[in-house]
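>
There are 2 protein chains.
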Amino acid sequence: MSRKITIKDVAAEAGVSEATISRALNDSPQVKKATRQRIQKIAQDLGYHPNGLARSIRVQKTNTLGVIIPDILNNFFTHIIRAIEDAAAQAGYDVLIVNTDEQDDREVSALNLMLEKQAAGVIITSAGGPTNYAAQLGNTPAVFVDRMPPAGIATQYDRVLVDNVRGTQDLVTQLIDRGAQRVGIINSAVSMTATERLKGYHRALSVAGQPHDPAIEVTARTDNSNVAQMTRQLLVNQRCDGLLAADNTIMDAVLHKLPDLDLPPFQLGSFDDQDWFDFLPQPIVTAKQPIAQIGKTAVDRLIARINQPDLPAEEFRLAAKIITH
Amino acid sequence: MSRKITIKDVAAEAGVSEATISRALNDSPQVKKATRQRIQKIAQDLGYHPNGLARSIRVQKTNTLGVIIPDILNNFFTHIIRAIEDAAAQAGYDVLIVNTDEQDDREVSALNLMLEKQAAGVIITSAGGPTNYAAQLGNTPAVFVDRMPPAGIATQYDRVLVDNVRGTQDLVTQLIDRGAQRVGIINSAVSMTATERLKGYHRALSVAGQPHDPAIEVTARTDNSNVAQMTRQLLVNQRCDGLLAADNTIMDAVLHKLPDLDLPPFQLGSFDDQDWFDFLPQPIVTAKQPIAQIGKTAVDRLIARINQPDLPAEEFRLAAKIITH
DNA sequence: GTGAAAGCGCTAACAT
DNA sequence: ATGTTAGCGCTTTCAC
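Protein chains in written order, with full-length UniProt numbering: chain Y, 1 to 325; chain U, 1 to 325.
(1) For residue 126 of chain Y, is the classification buried or exposed, using 16 other Cβ atoms within 10 angstroms of its Cβ as the cut-off for buried?
(2) Residue 324 of chain U: which of U:172, U:84, U:160 sits nearest, CA to CA?
(3) Please state if the CB of residue 245 of chain Y and the CB of residue 254 of chain Y are separated by a distance shorter than 8 Å.
(4) In the segment 16–80 of chain Y, which residue ranges form an unbroken alpha helix (DSSP H) of at least 4 residues, counting only runs that do not cross its ends?
(5) Measuring alpha carbon to alpha carbon, tell me which residue in Y:252, Y:87, Y:322, Y:5 is nearest residue 169 of chain Y.
(6) What whole-angstrom Cβ distance do residue 140 of chain Y and residue 128 of chain Y have, given they're in contact under 8 Å?
(7) Taking 8 Å as the threshold (beta carbon to beta carbon), is residue 92 of chain U in contact with chain Y?
(8) Could you tell me which whole beta strand (DSSP E) segments of length 3 or greater appear in the segment 197–236 of chain U?
(9) Going along the chain, which residues of its own chain have a beta-carbon closer than 7 Å to the beta-carbon of residue 226 of chain U, five neighbours each way excluded?
(10) Spell out whether any CB of chain Y is found under 8 Å from the CB atom of residue 270 of chain U.
(11) Is it true that the segment 146–155 of chain Y meets the segment 187–194 of chain Y, where meeting means three or more beta-carbon pairs spaced less than 8 Å apart?
(12) Tell me residue 242 of chain Y's beta-bridge partners as DSSP assigns them.
(13) Checking contacts by CB at 8 Å: is residue 80 of chain U closer than that to chain Y?
(14) Just list the residues that DSSP pairs residue 144 of chain U with in beta bridges.
(15) Roughly how many angstroms lie between the CA atoms of residue 135 of chain Y and residue 18 of chain Y, to the nearest whole one?
(16) Run through chain Y and tell me which residues come within less than 7 Å of residue 333 of chain U, C-beta to C-beta.
(17) Does any residue of chain U bring its CB to less than 8 Å from the CB of residue 1 of chain Y?
(18) Give me the subset of the segment 45–68 of chain U whose CB atoms are less than 9 Å from a CB atom of chain Y, sorted by chain position.
(19) Do the segment 61–72 of chain U and the segment 16–36 of chain U meet, that is, are 3 or more Cβ pairs less than 8 Å apart?
(20) What whole-angstrom Cβ distance do residue 68 of chain U and residue 107 of chain U have, given they're in contact under 8 Å?
(21) Would you say residue 72 of chain Y faces chain U, with C-beta separation under 8 Å as the test?
(22) Could you spell out the range, first to last residue, of the alpha helix (DSSP H) harbouring residue 249 of chain Y?
(23) From the DSSP output, in three-state form, read off residue 5 of chain U for me.
(24) So what's residue 319 of chain U in DSSP terms, helix, strand or just coil?
(25) How close, in whole Å, do the beta carbons of residue 271 of chain Y and residue 166 of chain Y come, if the pair is a contact with beta carbons under 8 Å?
(26) Looking at residue 305 of chain U and residue 311 of chain U, is the spacing between their C-beta atoms short of 8 Å?
(27) Going by other Cβ atoms of all chains shown within 10 Å of its Cβ, with 16 needed for buried, is residue 261 of chain U buried or exposed?
(28) So which residues on chain U does residue 256 of chain Y lean against when the C-beta distance must stay under 9 Å?
(29) By the DSSP assignment, the alpha helix (DSSP H) with residue 296 of chain Y in it spans what residues?
(30) Consider the Cβ of residue 209 of chain U: report whether some Cβ of chain Y lies at a distance smaller than 8 Å.
(31) Quick one: using the 10 Å Cβ neighbour count with 16 as the cut-off for buried, is residue 212 of chain U buried or exposed?
(32) Hey, is residue 102 of chain Y's beta-carbon within less than 8 Å of any beta-carbon in chain U?
(33) Please check the pair residue 104 of chain Y and residue 130 of chain Y, which I expect to be a contact at CB under 8 Å, by giving their CB distance rounded to whole angstroms.
(34) Just list the residues that DSSP pairs residue 288 of chain U with in beta bridges.
(35) When you compare only the Cα positions, how much space is there between residue 1 of chain U and residue 164 of chain U?
(36) Give me the subset of the segment 134–151 of chain U whose CB atoms are less than 8 Å from a CB atom of chain Y, sorted by chain position.
Laid out in structure tokens, this is it:
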């Protein structure tokens with residue numbers, strides 16, 4: 001098996017120094033055009049691919065952004081990934097994605113991997129557990145997206161996320177406008193998200209002059225294993241005529257349960273949108289996050305911070321849009 | 001901003017040579033236990049993370065597998081990614097995923113990126129266009145998954161994919177068993193996949209003693225822009241009482257069109273499964289691919305080839321499973 | 001059991 | 001316009 005082609009091989013073949021090869025391949029203006037073309041052809045013919053690791057080590061920087069994702073099977077996050085990839089590519093960065101499956105220890109490994117690969121910065125959407133970000137990250141630039149780190153340290157980092165309070169308020173208001181008198185909520189297991197979405201829910205009720213009832217405010221487990229039971233609880237026992245699922249995975253679990261129940265008409269709402277909601281047998285209202293914009297904002301901010309590390313930490317809140325399927 | 005901590009800093013702090021640090025951190029048996037523990041503590045305290053790029057360059061290998069995906073928004077491929085990540089992690093490899101959005105030029109860039117990052121091997125599920133794999137890859141180990149390279153060169157590489165002929169045959173047979181007398185097919189734009197799925201379709205018809213009719217065998221564009229019109233064509237104009245979508249993206253487009261049409265009952269079938277098919281207003285039969293197994297097979301084979309480059313190229317065919325939602 | 005020195009592939013001063 | 005040299009951070013002989 002032929003050894004890997006290096007710049008040395010190209011230099012030997014072309015009869016010039018390695019430095020000239022390097023210059024020619026990097027389009028340095030100071031190498032003669034004829035030489036450059038000759039060298040590029042030789043490199044091509046030899047099947048030469050520069051060793052990016054060696055390059056990165058020499059120039060002391062990479063063009064890699066690390067991205068930590070809690071659940072790659074979740075449609076919301078695949079859209080995030082795509083938006084991040086696009087924005088990153090446009091800025092000349094490549095992306096190292098790691099899926100943690102909502103496991104804290106995998107988040108720690110993911111971060112380690114990214115640091116070892118010398119990521120220029122990281123985008124974190126996992127933030128489940130007790131990871132000590134400050135200690136792990138050192139001074140690697142980081143932006144948190146969607147899921148936030150613990151309150152104490154959140155303000156040290158840039159954050160990009162949807163306006164949960166407003167989005168949920170608008171969503172619940174819409175359910176009420178459509179006739180719901182008693183809207184139950186199955187909230188998210190992610191703490192800050194849950195707090196904000198609950199707040200929006202309460203606001204909508206207050207504005208509509210409807211009472212709060214703790215009995216119809218329940219919280220899903222991370223794996224949604226209790227959602228089926230809660231769905232029955234709210235729609236049957238508690239006689240809710242409106243149900244809000246605080247994210248798309250919860251809604252999925254709710255939908256799986258509904259056929260078992262024999263229910264009078266009720267209003268259904270979900271934070272996060274899915275294309276296939278169009279196919280459901282009953283209408284559904286969603287708060288659709290501006291995912292592309294979230295991804296782009298995160299990347300732009302991260303790159304800004306890479307280039308200028310002492311920017312003040314900022315929070316970016318983007319508006320959700322109410323959609324009726 | 002504090003400079004990045006290197007092995008040199010740890011050596012200075014510990015009062016030993018860099019070589020000893022390296023040995024200690026790599027659990028070399030020849031370093032005294034006390035020394036090792038002392039060094040590991042110092043490294044920890046300093047927030048030292050080894051530079052993986054430098055390491056890779058020195059040992060002349062990486063533990064990175066490149067993965068090229070045509071459409072990260074497609075549920076099928078996110079499952080593939082997850083299976084690959086899991087199998088790779090288990091074998092001590094990390095994964096570099098690049099999404100090409102079905103664009104040939106992005107596939108070429110993706111491959112270049114992987115070669116520059118010195119990927120130990122690549123898994124390719126894109127294979128859309130005229131990429132010259134042999135020239136691009138050189139002797140980088142590669143495994144093709146799901147989408148195959150052009151016929152001429154396919155046999156030079158390992159391939160992992162579902163048994164399309166059998167899967168489609170079983171699927172169509174199921175539709176016929178459920179009462180369909182005239183099953184139309186909207187085939188995939190991916191050529192080899194299409195050929196095989198058409199073959200399975202024909203076989204099922206032959207076994208059932210039903211005639212072939214080219215008028216009800218149509219092909220979707222890559223972007224599915226013609227699927228809506230074809231759906232009407234088959235179900236209305238051609239009066240099919242059965243419709244097979246040859247992949248999940250086609251089925252999605254079909255489902256979006258159905259509400260516009262006012263149809264007598266008919267049988268619906270789809271290659272590829274989706275969880276949310278459960279929620280559809282009418283039953284649907286699918287051929288579910290063994291995705292986890294496909295991913296694991298691909299990774300295992302790739303790693304085998306990395307360790308033993310002159311293995312003969314092989315094809316792995318895995319059976320799909322018929323599911324009725 | 002530990003240190004000194006070389007070198008992986010590349011680029012950037014500094015020469016010429 | 002091109003060559004020479006040094007060195008990025010790490011591991012691995014080869015000494016001791």
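We put the beta carbon where it would ideally sit given N, CA and C, even for glycine. Small disclaimer: the values here were computed from a predicted structure and weren't measured.
Short version:
(1) The count along the first sequence starts at 1 and reaches residue 126 of chain Y at position 126. Result: buried.
(2) Here residue 324 of chain U refers to the residue found at position 324 of the second sequence. Closest option to residue 324 of chain U, judged by alpha-carbon separation, among U:172, U:84, U:160: U:172.
(3) For this step, residue 254 of chain Y is matched to residue 254 along the first sequence. For this step, residue 245 of chain Y is matched to residue 245 along the first sequence. Yes.
(4) 18–25, 33–46, 52–59, all fully within the segment 16–80 of chain Y.
(5) On the first sequence, residue 169 of chain Y is found 169 positions in, with the first residue counted as 1. When C-alpha distances from residue 169 of chain Y are compared across Y:252, Y:87, Y:322, Y:5, the shortest belongs to Y:322.
(6) Numbered from its first residue, the first sequence carries residue 140 of chain Y at position 140. Numbered from its first residue, the first sequence carries residue 128 of chain Y at position 128. Contact flag wrong, Cβ pair sits at about 19 Å.
(7) In the second sequence, the residue the question calls residue 92 of chain U occupies position 92. Chain Y, which has no Cβ nearer than 8 Å to the Cβ of residue 92 of chain U, makes this no.
(8) Those beta strand (DSSP E) runs which fall completely within the segment 197–236 of chain U and span 3+ residues are 217–219.
(9) Numbered from 1 along the second sequence, position 226 holds the residue referred to as residue 226 of chain U. Closer than 7 Å at the Cβ level, and outside the excluded window around residue 226 of chain U, lie 220.
(10) Within the second sequence, the letter at position 270 stands for residue 270 of chain U. Judged by the 8 Å Cβ criterion, residue 270 of chain U is not in contact with chain Y.
(11) The segment 146–155 of chain Y vs the segment 187–194 of chain Y: in contact.
(12) As a first step, residue 242 of chain Y is located in the first sequence; it is residue number 242 there, counting from the start. Residue pairing by DSSP places residue 242 of chain Y opposite Y:183, Y:267 in a beta bridge.
(13) Taking the first residue of the second sequence as 1, we reach residue 80 of chain U at position 80. Put simply, the CB of residue 80 of chain U is far from chain Y, with every gap to its CB atoms at 8 Å or more.
(14) For the purposes of this step, residue 144 of chain U is taken as the residue at position 144 of the second sequence. As DSSP reads the structure, residue 144 of chain U sits in a beta bridge with U:124, U:159.
(15) If you number the first sequence from 1, residue 135 of chain Y lands on position 135. If you number the first sequence from 1, residue 18 of chain Y lands on position 18. As the crow flies, the alpha-carbon of residue 135 of chain Y is around 41 Å from that of residue 18 of chain Y.
(16) Residue 333 of chain U lies beyond the residue range present for chain U, which begins at 1 and ends at 325; the question has no answer from this structure.
(17) For the purposes of this step, residue 1 of chain Y is taken as the residue at position 1 of the first sequence. Residue confidence is low: residue 1 of chain Y scores 42 on pLDDT, short of 50, so the model does not pin down where it sits. Its coordinate-derived value is still stated next. Yes, residue 1 of chain Y counts as interfacial toward chain U.
(18) Listed in sequence order: 47, 49, 50, 51, 52, 53, 54, 55, 56, 57, 60, 62, 64.
(19) Output reads no: the segment 16–36 of chain U does not touch the segment 61–72 of chain U.
(20) Looking up residue 68 of chain U in the second sequence gives position 68. Looking up residue 107 of chain U in the second sequence gives position 107. Between residue 68 of chain U and residue 107 of chain U the beta-carbon gap is near 6 Å, inside 8 Å, which marks them as a contact.
(21) For the purposes of this step, residue 72 of chain Y is taken as the residue at position 72 of the first sequence. Residue-level contact by beta carbon holds for residue 72 of chain Y and chain U, with a gap shorter than 8 Å.
(22) Start at 1 with the first residue of the first sequence, and residue 249 of chain Y comes out as number 249. For residue 249 of chain Y, the enclosing alpha helix (DSSP H) begins and ends at 248–257.
(23) Start at 1 with the first residue of the second sequence, and residue 5 of chain U comes out as number 5. Note: residue 5 of chain U maps to coil in three-state DSSP.
(24) Here residue 319 of chain U corresponds to residue number 319 of the second sequence, with the count starting at 1. Three-state DSSP puts residue 319 of chain U in coil, outside helix and strand.
(25) Within the first sequence, the letter at position 271 stands for residue 271 of chain Y. Within the first sequence, the letter at position 166 stands for residue 166 of chain Y. Contact check for residue 271 of chain Y and residue 166 of chain Y: beta-carbon distance about 12 Å, past the 8 Å limit, so the pair fails to qualify.
(26) Counted from its first residue, the second sequence places residue 311 of chain U at position 311. Counted from its first residue, the second sequence places residue 305 of chain U at position 305. For residue 311 of chain U and residue 305 of chain U, yes; Cβs fall inside 8 Å.
(27) For the purposes of this step, residue 261 of chain U is identified with residue 261 of the second sequence, where counting begins at 1. Exposed is the label assigned to residue 261 of chain U, since fewer than 16 other Cβ atoms lie within 10 Å of its Cβ.
(28) The sequence position of residue 256 of chain Y within the first sequence is 256, counting from 1. Under a criterion of Cβ atoms nearer than 9 Å, the residues of chain U adjacent to residue 256 of chain Y are, in order, 275, 278, 279.
(29) Sequence index remark: in the first sequence, residue 296 of chain Y carries index 296 (1-based). Segment 291–307, the alpha helix (DSSP H) holding residue 296 of chain Y.
(30) Along the second sequence, read from residue 1 onward, the residue named residue 209 of chain U stands at position 209. No - not a single Cβ of chain Y is within 8 Å of the one on residue 209 of chain U.
(31) Position 212 of the second sequence holds residue 212 of chain U. With fewer than 16 other Cβ atoms within 10 Å, it is exposed.
(32) The sequence position of residue 102 of chain Y within the first sequence is 102, counting from 1. Contact with chain U is absent for residue 102 of chain Y, since none of that chain's Cβ atoms lies less than 8 Å from the residue's Cβ.
(33) Here residue 104 of chain Y is taken as the residue at index 104 of the first sequence, counted from 1. Here residue 130 of chain Y is taken as the residue at index 130 of the first sequence, counted from 1. The pair is a contact, with the Cβ atoms about 7 Å apart (cut-off 8 Å).
(34) As a first step, residue 288 of chain U is located in the second sequence; it is residue number 288 there, counting from the start. Answer is U:321, bridged to residue 288 of chain U.
(35) For the purposes of this step, residue 1 of chain U is taken as the residue at position 1 of the second sequence. For the purposes of this step, residue 164 of chain U is taken as the residue at position 164 of the second sequence. In this predicted model, residue 1 of chain U has a pLDDT of only 42, less than 50, meaning its place in the structure is not dependable; the value taken from the coordinates is given anyway. Looking at the backbone, the Cα of residue 1 of chain U and that of residue 164 of chain U are separated by about 57 Å.
(36) The segment 134–151 of chain U vs chain Y, Cβ under 8 Å: 135, 138, 139.
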